[in-house]
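**Student:**
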Amino acid sequence: MEKPKVIILLGPPASGKGTQAKILAKRINYKYFGTGDLLRSEVEKGSDLGKKFATAMESGGLIPDELTDPLIKAKLGELKDFGVVIDGFPRNLHQVATLKQVFPEENFLVLNIVLSADSVMERMLKRRICKKCGKIFIIEIGEEKFCDVCGGKLIQRADDNPQVLAKRIKTYGEQTKPLIDYYKNIGKLSDIDGEPPIPGVTRGIEKVI
Ligand code: AMP
522 MEKPKVIILL GPPASGKGTQ AKILAKRINY KYFGTGDLLR SEVEKGSDLG
572 KKFATAMESG GLIPDELTDP LIKAKLGELK DFGVVIDGFP RNLHQVATLK
622 QVFPEENFLV LNIVLSADSV MERMLKRRIC KKCGKIFIIE IGEEKFCDVC
672 GGKLIQRADD NPQVLAKRIK TYGEQTKPLI DYYKNIGKLS DIDGEPPIPG
722 VTRGIEKVI
């Protein structure tokens, strides 16, 4: 099949969307666009906007669209002439419409990473992120590990704690899951088994592409 111009990774929190989107973008030489990374970089700047983002992120909800729209629309504008792999966007129907204004949907492929509720919970608790380069790791509880790319310290994301977990899963169910039906109905969705270790999921994606 002709290569789609926009490949969207959908799936519950900690389903491996970010990891797989980065692997895929590199392999097919597309740009990677992840809203989680974009929004976290604003938090790290310590700007007023970043502080508002942090409050929403730490509550487990989505950051309100009126706060993220300018940043996301500017980034989409920069990407409009490229092939793009997108992770963490769209996350609600408003964002579906925003994306459609920049990229025609006939060029979309949506990969829906399917993972059981138990696996989501386990991965979220075991996920660590390199403080220096952002690489994601799944560790064993109590394991001391450093980044195998840059040697950086591995930390737990502020929103990967048991208090926020349940809310993030609820937010996903209420706001993002309906997008599965939306993209299925327009014939753009393929399910990917998210249970195997990283290389197995990558192989599943490659079969579809
Ligand atoms: P992620 O790294 O994709 O799991 O995103 C972490 C958090 O950032 C989410 O729980 C949301 O609070 C926020 N976030 C990421 N992407 C979006 C988005 N497209 N719209 C609103 N909030 C977002």
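Per this note's numbering, the very first residue in the sequence shown carries number 522; after that it's consecutive.
Glycine is no exception: its CB is placed at the ideal position from the N, C-alpha and C atoms.
None of these values were measured; they are calculated from a predicted model.
By the three-class DSSP mapping on this structure, what secondary structure does Gly555 have?
**Tutor:** strand
**Student:** What's the gap between the Cα of Asp680 and the Cα of Met578?
**Tutor:** 7 Å
**Student:** Starting from Arg648, trace the alpha helix (DSSP H) both ways and give me its first and last residue.
**Tutor:** Here Arg648 belongs to no alpha helix (DSSP H); instead the beta strand (DSSP E) covers Arg648 to Cys651.
**Student:** Contact between the segment 640-651 and the segment 535-546 is defined here as three or more beta-carbon pairs at a separation below 8 Å; is this criterion met?
**Tutor:** yes
**Student:** At the level of alpha carbons, what is the spacing between Val564 and Ala575?
**Tutor:** 6 Å
**Student:** Any heavy atom of ligand 1 closer than 7 Å to the Cβ of Phe554?
**Tutor:** no
**Student:** So, at 6 Å on beta carbons, what are the nonlocal neighbours of Lys674 in its own chain, with the 5 sequence-adjacent residues on each side left out?
**Tutor:** Lys652
**Student:** With DSSP run on the structure shown, which of helix, strand or coil describes Asn633?
**Tutor:** strand
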